[in-house]
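Each residue of the sequence shown is one higher than the last, beginning at 12 in this note's numbering. Here the structure comes first, spelled out in structure tokens, and everything after it is commentary.
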Amino acid sequence: RLGLGATLHENVYDGSATHSELHAYDQRRVDLRPYAYQRDPERFGTSEHYGWTEDKFRQYSVTQREDFGEYVRAQGFKLD
């Protein structure tokens with residue numbers, strides 16, 4: 012799991028430890044459970060150090076389910 016230093020902020024946001032926490036998490040994730048494949052290498056190329064942060068960057072760089080609002084409105088939900 013991502014360390015509390017990157018996710019827990021009391022009373023005020025302090026991002027000074029975020030970069031090192033993310034790097035440490037990436038390294039633990041690669042050591043314990045490396046990704047079997049890299050997401051969308053045709054678009055992003057391949058990365059020698061492919062960790063969680065790179066995977067999430069790639070995942071959220073591509074718009075998904077643009078029609079979701081239209082779909083749930085058709086189901087009777089009010090989003091406005």
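Note that the Cβ used here is the ideal one computed from N, Cα and C, for glycine as well. Computed from a predicted model, the values in this text were never measured in an experiment.
Under 9 Å, do residue i and residue j count as touching if we go by C-beta distance?
{"i": "GLU65", "j": "ASP42", "result": "no"}
{"i": "GLY14", "j": "ARG40", "result": "no"}
{"i": "ALA47", "j": "THR29", "result": "no"}
Using a Cβ-Cβ cutoff of less than 8 Å, which residues in the same chain neighbour residue i once the five nearest sequence positions on both sides are dropped?
{"i": "THR57", "result": "GLN49"}
Excluding sequence positions up to five away, which residues of its chain have a Cβ less than 7 Å from the Cβ of residue i?
{"i": "LEU33", "result": "ALA17, THR64"}
Check whether the Cβ of residue i sits closer than 8 Å to any heavy atom of the ligand HEM, and report yes or no.
{"i": "GLY62", "result": "Annotation note on the ligand HEM: not contained in the displayed structure, which lists no ligands."}
Going along the chain, which residues of its own chain have a beta-carbon closer than 6 Å to the beta-carbon of residue i, five neighbours each way excluded?
{"i": "PHE55", "result": "ARG69"}
Do three or more CB pairs link the region 67-87 to the region 39-53 at distances below 8 Å? yes
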